[in-house]
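Asks: The structure under discussion is supplied below as structure tokens; questions concerning it will follow.
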Amino acid sequence: MNVEELKKIIEAALMVAEEPLSLDRLEALFDLGLGPVPEREAIRAAVESLQEDYAGRGVELKQVASGWRFQARAEFAPWINRLWEERAPRYSRALLETLAIIAYRQPITRGEIEDIRGVSLAPSILKTLTEREWIRVAGYRDVPGRPAVYATTREFLDYFNLKSLSDLPELSELRDIEDINLDLFRESPPAAGAAGAANEAESGDEAAPSPPAEDDGGQEGGAEAAEAAK
Amino acid sequence: MNVEELKKIIEAALMVAEEPLSLDRLEALFDLGLGPVPEREAIRAAVESLQEDYAGRGVELKQVASGWRFQARAEFAPWINRLWEERAPRYSRALLETLAIIAYRQPITRGEIEDIRGVSLAPSILKTLTEREWIRVAGYRDVPGRPAVYATTREFLDYFNLKSLSDLPELSELRDIEDINLDLFRESPPAAGAAGAANEAESGDEAAPSPPAEDDGGQEGGAEAAEAAK
Amino acid sequence: MNTGDGDLVTATHPEQEEMPFAVVQGVPLTELPKDLYIPPDALAVFLEETFEGPLDLLLYLIKRQNLDILDIPIAQITRQYMSYIDLMQELQLELAAEYLVMAAMLAEIKSRMLLPRPAPADEEEDPRAELVRRLQEYERYKKAAEDLEQLPRLERDLHAVVVPFPERHVSLRPPAVTMQELMAAFAEVLARAELFSNHRVRREPLSVRERMASVLERCRGGFVEFTRLFTVAEGRAGVVVTLLAILELLRGAMIEMVQNEPHGPIYVKAVSAQT
Numbered sequence: 003m004n005v006e007e008l009k010k011i012i013e014a015a016l017m018v019a020e021e022p023l024s025l026d027r028l029e030a031l032f033d034l035g036l037g038p039v040p041e042r043e044a045i046r047a048a049v050e051s052l053q054e055d056y057a058g059r060g061v062e063l064k065q066v067a068s069g070w071r072f073q074a075r076a077e078f079a080p081w082i083n084r085l086w087e088e089r090a091p092r093y094s095r096a097l098l099e100t101l102a103i104i105a106y107r108q109p110i111t112r113g114e115i116e117d118i119r120g121v122s123l124a125p126s127i128l129k130t131l132t133e134r135e136w137i138r139v140a141g142y143r144d145v146p147g148r149p150a151v152y153a154t155t156r157e158f159l160d161y162f163n164l165k166s167l168s169d170l171p172e173l174s175e176l177r178d179i180e181d182i183n184l185d186l187f188r189e190s191p192p193a194a195g196a197a198g199a200a201n202e203a204e205s206g207d208e209a210a211p212s213p214p215a216e217d218d219g220g221q222e223g224g225a226e227a228a229e230a231a232k
Numbered sequence: 003m004n005v006e007e008l009k010k011i012i013e014a015a016l017m018v019a020e021e022p023l024s025l026d027r028l029e030a031l032f033d034l035g036l037g038p039v040p041e042r043e044a045i046r047a048a049v050e051s052l053q054e055d056y057a058g059r060g061v062e063l064k065q066v067a068s069g070w071r072f073q074a075r076a077e078f079a080p081w082i083n084r085l086w087e088e089r090a091p092r093y094s095r096a097l098l099e100t101l102a103i104i105a106y107r108q109p110i111t112r113g114e115i116e117d118i119r120g121v122s123l124a125p126s127i128l129k130t131l132t133e134r135e136w137i138r139v140a141g142y143r144d145v146p147g148r149p150a151v152y153a154t155t156r157e158f159l160d161y162f163n164l165k166s167l168s169d170l171p172e173l174s175e176l177r178d179i180e181d182i183n184l185d186l187f188r189e190s191p192p193a194a195g196a197a198g199a200a201n202e203a204e205s206g207d208e209a210a211p212s213p214p215a216e217d218d219g220g221q222e223g224g225a226e227a228a229e230a231a232k
Numbered sequence: 061m062n063t064g065d066g067d068l069v070t071a072t073h074p075e076q077e078e079m080p081f082a083v084v085q086g087v088p089l090t091e092l093p094k095d096l097y098i099p100p101d102a103l104a105v106f107l108e109e110t111f112e113g114p115l116d117l118l119l120y121l122i123k124r125q126n127l128d129i130l131d132i133p134i135a136q137i138t139r140q141y142m143s144y145i146d147l148m149q150e151l152q153l154e155l156a157a158e159y160l161v162m163a164a165m166l167a168e169i170k171s172r173m174l175l176p177r178p179a180p181a182d183e184e185e186d187p188r189a190e191l192v193r194r195l196q197e198y199e200r201y202k203k204a205a206e207d208l209e210q211l212p213r214l215e216r217d218l219h220a221v222v223v224p225f226p227e228r229h230v231s232l233r234p235p236a237v238t239m240q241e242l243m244a245a246f247a248e249v250l251a252r253a254e255l256f257s258n259h260r261v262r263r264e265p266l267s268v269r270e271r272m273a274s275v276l277e278r279c280r281g282g283f284v285e286f287t288r289l290f291t292v293a294e295g296r297a298g299v300v301v302t303l304l305a306i307l308e309l310l311r312g313a314m315i316e317m318v319q320n321e322p323h324g325p326i327y328v329k330a331v332s333a334q335t
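Chains as they are written, first to last, in my numbering: chain A, 3 to 232; chain B, 3 to 232; chain C, 61 to 335.
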């Protein structure tokens, strides 16, 4: 089988398949007992060559967690979505927050999710996430009650167009309250400006020590103390 | 919207739609209220241009009664259909025993197999083993009824990765296995082989059809017909 | 120039004057916040749907005033928080218990901060530390959820290509078998037949069995000269094995032998179904 033929079969298979195909599954297609199976590298090369072929077209060949899939480009969604009467499902903030916490903190128990969000979790949320196959029970924690721990699935990554968890947007940094070097009980705390601190949070830097030049701390400290005294 | 963009949107829509799209439906996609809707002729030209683009590829753009649709080329059926291949249920213990008896005691008649196993043999077993090309009728015994005698094939050796029958484990090894593992096997028969089985299925399927040099086909065919007729 | 965080003298900070939530020091909040002046029914929906819990509400209060989360003016925030709680109760919204727990926590922090100042060397932790940690922790996942919402995803932004395949059919792949399974099966047969205990059946060298099969195969097509069944290159042992195989086949009536004249060539032929 020559390279062109190999490419065509892979192209057809990827387009026909209802789910992304891994290199393993592509390789298995050729295991017909009719002759030598193509090298894995040849299959990989064919996939990559296809990816280039489709670079400027209406659909693209994308690698997600469970393999490769052809998909219509996101930029054409406004037109494509007119094919369907129904709108894509929308998800509540509560559901998305829960999903995000599981994605970044897995494996995690329901109680830990509730601790982070500060509210109890409606049972329907974990149910919906499980039914969508975005999360699954990954095990049980060996503490009293043996609570289930949840983790995300490959389907979750596939759905959000991701190859692995490390492709998730970066989580913002936590800053330590000590970092602002503010002693609650000191007369003149070095002032770390609110705006500056916010910027630092954006860039994820360690909060820098406050500039020594700024010297309006005294007044602030006083105000703070006055407020605290109320 | 330029011609290229129009083509890409139509390409994406045809690729993701669940059914063929007519020119009417394609036209409706552009009715977003964001600008002029492309001329019908422009849409038709885009479709025809796409059809040419895909002339030599793994999928083709075809016009059917209700419109246009992409479909994978029929010539790739042998590969594509493996996407949906289902694994047949595991072989029965009776079948494996029969195969083992034939392997170690060949050439052997059906009656002799039944004597050893102490039960009569379901006809489907020899049929399945023959269809799998692991056994064949090697000849006939010149006793009343002229029963067929069975032997294993080269495909059998290939599948089990044996160079010749003398590579079969010795019966003395079998006794050890019996002593040590028999109970184990009884408890969970496939457990020992489960992982290995998958591996062998991979390599085993490369078993080539019998070399054409073996030209006893005519007689064998006749013999099998005779066997089947009984 | 930066404004000091945690400063309650709001009048000195221009950006805080723009904030609808600016609270003048010492004046208790008795009115509804200005930016919430909307019909009560709509307000109910707004409150229910806007805040995902007490942490979310606190974050909202902090962000509205551009305050640094690390240095929140606890008395001010507590007051504002309580005004929301009152409002929600007034509107008879079903208030999750967590909101009240948070109110208690804020009050507790506030009271700790009123305690007399310890000695400067004292390394006492800021009473707000735990709250700040929780707020930040929640905030980062709130942000992560927003990022997640922005990711292109199937159904909404992306659509998987699925083209039909007219020749589609489902085939069955035969099951795999391992040598271990085969041997286990045979071991069971042997055990059942009590072959080992009685020694009724002599175990034969496999090579004879194998040779039987190959001899049988070679003489299927018709008569083969006896001597041609032997391969001299195999040496004495090979020849003996072949002979044993032929004898065994003869005994089993699977081959027939003919000799047309004394001392003439012997021909061997497999017994076939026909004749």
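Glycine included, C-beta positions come from ideal geometry on N, C-alpha and C.
For glycine 60(B), which residues in the same chain have their Cβ closer than 8 Å to its Cβ, ignoring the five residues on either side in sequence?
Replies: Counting only Cβ-Cβ distances below 8 Å, and skipping sequence neighbours, we find Ala74, Arg75, Phe78.
Asks: What does the alpha-carbon distance come out to for the pair glutamate 91(C) and threonine 138(C)?
Replies: A caution first: glutamate 91(C) carries a pLDDT of 48, below 50, which makes its placement in the model too unreliable to give a value.
Asks: So, does the CB of proline 40(A) fall closer than 8 Å to a CB anywhere in chain B?
Replies: No, its Cβ sits nowhere closer than 8 Å to a Cβ of chain B.
Asks: Between valine 2(B) and chain C, is the shortest Cβ-Cβ distance under 8 Å, so that the two count as touching?
Replies: Outside the displayed range of chain B (3 to 232) lies residue 2(B), so it cannot be described from this structure.
Asks: How long is the line joining the alpha carbons of aspartate 33(A) and aspartate 26(A), rounded to whole angstroms?
Replies: So the alpha carbons of these two residues sit roughly 11 Å apart.
Asks: Return the Cβ separation of asparagine 163(B) and histidine 229(C) in integer angstroms, given the expectation that the two are a contact with Cβ distance under 8 Å.
Replies: At roughly 31 Å, the Cβ-Cβ gap does not stay under 8 Å, so asparagine 163(B) and histidine 229(C) are not in contact.
Asks: In the DSSP assignment, what are the bridge partners of glutamate 62(A)?
Replies: Partner(s): Gln73(A).
Asks: I'd like the list of long-range same chain contacts for alanine 48(A), defined as Cβ closer than 6 Å, with 5 residues on each side in sequence excluded.
Replies: Same-chain partners within the cutoff: Leu8, Lys9, Ile12.
Asks: Verify the CB distance criterion: does lysine 10(B) have a CB-CB separation below 8 Å to chain A?
Replies: Yes, because at least one Cβ of chain A sits closer than 8 Å to the Cβ of lysine 10(B).
Asks: My assumption, with CB atoms under 8 Å, is that valine 275(C) sits in contact with alanine 305(C). Please give the rounded CB distance.
Replies: Their Cβ separation, rounded to whole angstroms, is 5 Å, which keeps valine 275(C) and alanine 305(C) in contact under 8 Å.
Asks: Please list, in chain order, all residues of the same chain as arginine 46(B) whose beta carbon is under 8 Å from its beta carbon, the five residues on each side excluded.
Replies: So the list reads Leu25, once near-sequence residues are dropped.
Asks: Which two residues bound the contiguous alpha helix (DSSP H) that contains leucine 137(C)?
Replies: As written in the sequence, residue 137(C) is isoleucine, which differs from the leucine given in the question. Note, isoleucine 137(C): alpha helix (DSSP H), 134-150.
Asks: If you draw a straight line from the C-alpha of valine 301(C) to the C-alpha of valine 328(C), how long is it?
Replies: Approximately 16 Å between the Cα atoms of the pair.
Asks: Between the region 48-65 of chain A and chain B, which residues of the former have a C-beta closer than 7 Å to a C-beta of the latter?
Replies: Cβ contacts with chain B come from Arg59, Gly60, Val61.
Asks: Using a Cβ-Cβ cut-off of 8 Å, state whether arginine 71(B) counts as contacting chain C.
Replies: Interface residue, yes.
Asks: Return the CA-CA distance between isoleucine 145(C) and leucine 160(C), expressed in angstroms with no decimal places.
Replies: Using only the alpha carbons, I get a separation of about 8 Å.
Asks: Would you verify that the beta carbon of alanine 15(A) is, or is not, closer than 8 Å to some beta carbon of chain B?
Replies: Alanine 15(A) counts as touching chain B.
Asks: If we ignore side chains and look at the alpha-carbon of each, how far apart do valine 299(C) and phenylalanine 286(C) end up?
Replies: So the alpha carbons of these two residues sit roughly 12 Å apart.
Asks: Let me check you understand the geometry: is the CB of valine 139(A) closer than 7 Å to at least one non-hydrogen atom of the ligand FMN?
Replies: Inclusion of the ligand FMN in the displayed structure is not the case, the ligand content being empty and no account of it being possible.
Asks: Report all residues from its chain with a CB closer than 7 Å to the CB of proline 40(A); omit the five preceding and five following residues, and keep chain order.
Replies: Closer than 7 Å at Cβ, skipping near neighbours: Met3, Leu8, Phe32.
Asks: By how many angstroms is the C-alpha of serine 332(C) removed from the C-alpha of serine 126(B)?
Replies: So the alpha carbons of these two residues sit roughly 23 Å apart.
Asks: Alpha carbon to alpha carbon, what distance is there between tyrosine 152(B) and alanine 140(A)?
Replies: Near 51 Å, if we compare the C-alpha coordinates of tyrosine 152(B) and alanine 140(A).
Asks: Taking the alpha carbon of valine 121(B) as the point to measure from, which residue in Glu87(B), Ala96(B), Leu170(B), Pro80(B) has its own alpha carbon closest?
Replies: Checked all of Glu87(B), Ala96(B), Leu170(B), Pro80(B); the closest Cα to valine 121(B) is Ala96(B).
Asks: Can you tell me where the beta strand (DSSP E) holding lysine 329(C) begins and where it ends?
Replies: Run containing lysine 329(C): 326-330, per the beta strand (DSSP E) assignment.
Asks: Quick check: what's the CA-CA separation for tyrosine 56(B) versus proline 109(A)?
Replies: Approximately 46 Å between the Cα atoms of the pair.
Asks: Return the CA-CA distance between proline 22(A) and glutamate 227(C), expressed in angstroms with no decimal places.
Replies: So the two alpha carbons sit approximately 21 Å from each other.
Asks: Residues of chain C with CB closer than 9 Å to the CB of proline 91(A), please, in chain order.
Replies: In chain order: Glu215, Arg216.
Asks: Taking glycine 141(B) as part of the alpha helix (DSSP H), name the residues at either end of that continuous run.
Replies: Run containing glycine 141(B): none in the alpha helix (DSSP H); it sits in the beta strand (DSSP E), 137-142.
Asks: Return the chain-ordered list of same chain residues with a C-beta closer than 7 Å to the C-beta of serine 51(A), the five sequence neighbours on each side being excluded.
Replies: So the qualifying residues of the chain are Lys9.
Asks: Which residue or residues does DSSP assign as beta-bridge partners of leucine 23(A)?
Replies: According to DSSP, leucine 23(A) bridges with Trp70(A).
Asks: In terms of alpha-carbon separation, which member of Thr111(A), Glu62(A), Trp70(A) lies closest to aspartate 144(A)?
Replies: Ranking Thr111(A), Glu62(A), Trp70(A) by Cα distance to aspartate 144(A) puts Thr111(A) first.
Asks: Of all Cβ atoms in chain A, is any one closer than 8 Å to the Cβ of glutamate 216(B)?
Replies: Summary for glutamate 216(B): the model assigns pLDDT 36, below 50, so the residue's position carries little reliability, and this model does not support an answer.
Asks: Can you give me the C-alpha to C-alpha distance between leucine 123(B) and alanine 19(B), rounded to a whole angstrom?
Replies: Cα to Cα, the separation comes out at about 53 Å.
Asks: Under a Cβ-count criterion, where at least 16 other Cβ atoms within 10 Å of its own Cβ denotes burial, should leucine 307(C) be classed as buried or exposed?
Replies: Exposed, since its Cβ has fewer than 16 Cβ neighbours within 10 Å.
Asks: List the residues that DSSP assigns as beta-bridge partners of valine 151(B).
Replies: Per DSSP, Thr111(B), Gly141(B).
Asks: Quick check on valine 18(B): does DSSP put it in helix, strand or coil?
Replies: In this structure, valine 18(B) counts as helix in the three-state DSSP scheme.
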